[in-house]
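There are 2 protein chains.
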Amino acid sequence: MQDETIVDKSSIIPIYYQLFKYVENQIRTGELKPGDALPTEMELSERFDISRMTVRRAILELVTAGMVYTQKGKGTFVAKPRLDNVVFDLNNFYDEIRQKGMKPYSELLETKIIKADEKLAKRLGIAVDTRCLLFRVVIFADGEPLAYETRYTVYTKSTPILESELKDPSLSNLAAAHSDTVPTRSKKVLMASHTINEESKVLGVKPGTPVFLMIQTIYDGDNHIIAWGKAIFRGDRYKLVSYEGWNTEDIK
Amino acid sequence: MQDETIVDKSSIIPIYYQLFKYVENQIRTGELKPGDALPTEMELSERFDISRMTVRRAILELVTAGMVYTQKGKGTFVAKPRLDNVVFDLNNFYDEIRQKGMKPYSELLETKIIKADEKLAKRLGIAVDTRCLLFRVVIFADGEPLAYETRYTVYTKSTPILESELKDPSLSNLAAAHSDTVPTRSKKVLMASHTINEESKVLGVKPGTPVFLMIQTIYDGDNHIIAWGKAIFRGDRYKLVSYEGWNTEDIK
DNA sequence: AAGTGGTCTAGACCACGTC
DNA sequence: ACGTGGTCTAGACCACTTT
């Protein structure tokens, strides 16, 4: 009992991928509906005359894609698309701007070495008066100011500030260049806010313009904070888009 | 040549998982640094006296976790943590509120059947005057208004509006209940904005308070729009948090 | 030619759920 | 007792990279 019309064993395309696409299509077209059981692994193995391990590889891909779920001792079932979750995925400003077909450019407003005051010392988890590096940067898209960032790193290495850092700046690069340890983790918090006076001037907008406010903290492997940053970006120019569910390619 | 001190073959814990954790730890502690090559699959297989397929399973987990990458014909290498990407992952309001230890509750301001005007018809991709269902809901956390949602769905089924829908409302549930087709995809756009008069009153804040504005569109399997919604949530009460890199559990 | 990861096989035993 | 998915083995051949 076998069916070669679906799976071509002589094809260059891996068998597991062919089977994955076959089942994916069955789900997409509604032939298999949420809650329905898939054929058992043995059944698929026999039907297409392929080994069970190969079937399992295909099912693993479906599980990873969130389209099916398995239950030990029971079977494999079609999942309901989870549409109530939202995932906003964005890259650094430079890549995001380029991706939209615009030209990124950044202007360094200020860079200096300072001694940490109480507030900064707390943010970086260091002692007061520790030497720190301060950066103020404005990021432009096609000549228009889009974001305003303030960054701090501990300045332990006395490394000179390189031109290259100013060209495509990101907090983690900054942290990597001026720290003894390797940045491995980051935490970012996004809030809705509006500009105050200084920020309005820098971004060239009216005071009170809606903005996103993002606080970033970068950690090394020992969970020590090695950098802290605040980014403000214009709500009228920047949107976060999220696609959820199956085969979201079509609506992008 | 084998080493049983790392991998315990008699343990209940799967071998591939033990190996995964072992390598993960080597990377985490810096014993293996970004760019370093992992031992070859054959080498790991012989060293721990386990089959190559099991070694591959462990490596697959590391690849999925973004900690290593493979190159055909060359080897497997430790990846650099990508810290410039941001992923904001949030559930529906009810789950988010519960997760923060607060009590969610929603109040239905209005629900009625309307005929689509031009603007709504365009948003839902339907003809003008098509019958639609309108929902206006305020969502509370511990008695304090947090979000204000306006939702529209095409009203083809004449399904009665159930009490259960009002208890834990979400746009996709609404769409599922009042549409002939199954919601399988959604698009959400997040913007920074501020309240206007009506929204300020409903949320009990001053006009001009910073808010997140989220536009949701729900599609069925044929990419027809079956629901559209606008959600406004308070910027002073709601934050989006994102963790990136390796082992972000520790800093949560 | 030798070594690497990518795919695939045909078995095996296990824990779990159902009957 | 039986069927299910979860793990594991000891081979095999392939495409690719390096020597």
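If you read the protein sequences in the order shown, they are chains A and B. For what it's worth, full-length UniProt numbering labels the leading residue of the first sequence as 1, then goes sequentially. For what it's worth, full-length UniProt numbering labels the leading residue of the second sequence as 1, then goes sequentially. We put the beta carbon where it would ideally sit given N, CA and C, even for glycine. The structure presented is a predicted model; accordingly, all values stated were derived computationally and were not measured.
> Rounded to whole angstroms, how far is the Cβ of phenylalanine 77 of chain A from the Cβ of leucine 38 of chain A, which I believe are closer than 8 Å?
Replying inline: 7 Å
> Just checking my contact of alanine 65 of chain A with phenylalanine 212 of chain B at CB under 8 Å: how many whole Å lie between their CB atoms?
Replying inline: So it is not a contact: roughly 29 Å between Cβ atoms.
> Does arginine 185 of chain A come within less than 7 Å of chain B when only Cβ atoms are used?
Replying inline: yes
> Counting contacts by CB-CB distance shorter than 7 Å, is proline 210 of chain B in contact with chain A?
Replying inline: yes
>> Whether or not the segment 187-201 of chain A and the segment 111-131 of chain A are in contact is what I'm after, with contact meaning three or more pairs of Cβ atoms, one per stretch, closer than 8 Å; do they touch?
In response: no
> Alpha carbon to alpha carbon, how far is phenylalanine 233 of chain B from phenylalanine 140 of chain B?
Replying inline: 10 Å
> Is it buried or exposed for glutamine 2 of chain B, if we count other Cβ within 10 angstroms and need 16 for buried?
Replying inline: Unreliable positioning characterises glutamine 2 of chain B in this predicted model, as indicated by a pLDDT of 47, which lies under 50. The coordinate reading is nonetheless provided below. It counts as exposed.
> Whose Cβ in chain B lies nearer than 9 Å to the Cβ of proline 81 of chain A?
Replying inline: Ser172, Val182, Pro183, Thr184, Arg185 and Ser186
> Just to confirm, are proline 81 of chain B and glycine 245 of chain B a CB contact at a threshold of 7 Å?
Replying inline: yes
> Looking only at its own chain, which residues have a Cβ that is under 8 Å from the Cβ of threonine 184 of chain A, when we skip the five neighbours before and after it?
Replying inline: Tyr219, Asp220 and Gly221
> Between which two residues does the beta strand (DSSP E) containing alanine 192 of chain A stretch?
Replying inline: 183-194
> Within 7 Å (strictly less), CB to CB, does tyrosine 152 of chain A reach chain B?
Replying inline: no
> To the nearest angstrom, how far is it from the Cα of valine 7 of chain A to the Cα of threonine 150 of chain B?
Replying inline: 47 Å
>> Excluding the 5 residues flanking residue 268 of chain A on each side, which residues of the same chain have their C-beta closer than 7 Å to its C-beta?
In response: With chain A running from 1 to 252 in the structure shown, residue 268 of chain A is simply not present.
>> Distance check for valine 189 of chain A and phenylalanine 88 of chain B, CA to CA, integer angstroms please.
In response: 9 Å
>> According to DSSP, simplified to helix, strand and coil, what is residue 258 of chain B?
In response: Residue 258 of chain B lies beyond the residue range present for chain B, which begins at 1 and ends at 252; the question has no answer from this structure.
>> Using a Cβ-Cβ distance cut-off of 7 Å, determine whether glycine 235 of chain A contacts chain B.
In response: yes
> Since lysine 239 of chain B meets chain A, which of its residues come closer than 8 Å, beta carbon to beta carbon?
Replying inline: Val189, Leu190 and Met191
>> Taking only three categories from DSSP, how would you classify aspartate 65 of chain A?
In response: Correcting the residue identity first, residue 65 of chain A is alanine in this sequence and not aspartate. Coil at alanine 65 of chain A, not helix or strand.
> Does the beta-carbon of serine 170 of chain A have 16 or more other beta-carbons within 10 angstroms, so that it is buried, or is it exposed?
Replying inline: buried
> Between B:Leu32, B:Thr40, B:Leu133 and B:Arg136, which lies nearest to arginine 52 of chain B when the distance is taken from Cα to Cα?
Replying inline: B:Thr40
> Whose Cβ in chain B lies nearer than 7 Å to the Cβ of asparagine 197 of chain A?
Replying inline: The premise fails here: asparagine 197 of chain A is roughly 16 Å from chain B at the closest Cβ pair, so nothing lies under 7 Å.
> Cα separation between proline 104 of chain B and tyrosine 148 of chain B?
Replying inline: 13 Å
> What distance in whole Å lies between the Cβ atoms of aspartate 84 of chain B and serine 45 of chain A, which are believed to be in contact at a cut-off of 8 Å?
Replying inline: In fact, because the Cβ distance is near 43 Å, the residues do not count as touching under 8 Å.
>> Which residues in chain A have a C-beta closer than 7 Å to the C-beta of serine 11 of chain B? List them in chain order.
In response: Within 7 Å Cβ-Cβ: nothing; serine 11 of chain B doesn't reach chain A, min ~19 Å.
> Does methionine 1 of chain A have its Cβ less than 7 Å from a Cβ in chain B?
Replying inline: Residue placement at methionine 1 of chain A cannot be trusted, given a pLDDT of 46 that sits under 50; the coordinates are not used to answer.
> If the cut is a Cβ gap below 7 Å, which residues of chain B does asparagine 92 of chain A touch?
Replying inline: Asp84
> On the three-pair Cβ rule with 8 Å, is the segment 22-34 of chain B touching the segment 56-72 of chain A?
Replying inline: no
>> Can you tell me whether methionine 1 of chain B is helix, strand or coil according to DSSP?
In response: Its pLDDT being 47, under 50, methionine 1 of chain B is placed unreliably by the model, and the measurement read from it follows with that caveat. Correct three-state label for methionine 1 of chain B: coil.
> In its own chain, which residues sit with a C-beta less than 8 Å from the C-beta of arginine 237 of chain A, not counting the 5 before and 5 after it?
Replying inline: Ala141, Glu144 and Leu146
>> So isoleucine 97 of chain B contacts chain A; which residues on that side make the cut at Cβ distance below 8 Å?
In response: Those within 8 Å of isoleucine 97 of chain B in chain A number zero; the least Cβ separation is about 13 Å.
> Taking Cβ positions, are isoleucine 113 of chain B and leucine 133 of chain B nearer each other than 7 Å?
Replying inline: yes
>> Would glutamate 144 of chain A pass as an interface residue toward chain B - the criterion being a Cβ-Cβ separation below 7 Å?
In response: no
> Name the DSSP beta bridge partners of glutamate 144 of chain B, please?
Replying inline: B:Ala141
>> Within the continuous beta strand (DSSP E) that includes residue 297 of chain B, where are the two ends?
In response: Lying outside 1 to 252, the shown extent of chain B, residue 297 of chain B is not represented and no answer is given.
> Can you give the beta carbon distance from glutamate 110 of chain A to arginine 131 of chain A, rounded, assuming they're within the 8 Å contact cut?
Replying inline: Wrong, their Cβ atoms sit about 16 Å apart, outside the cutoff.
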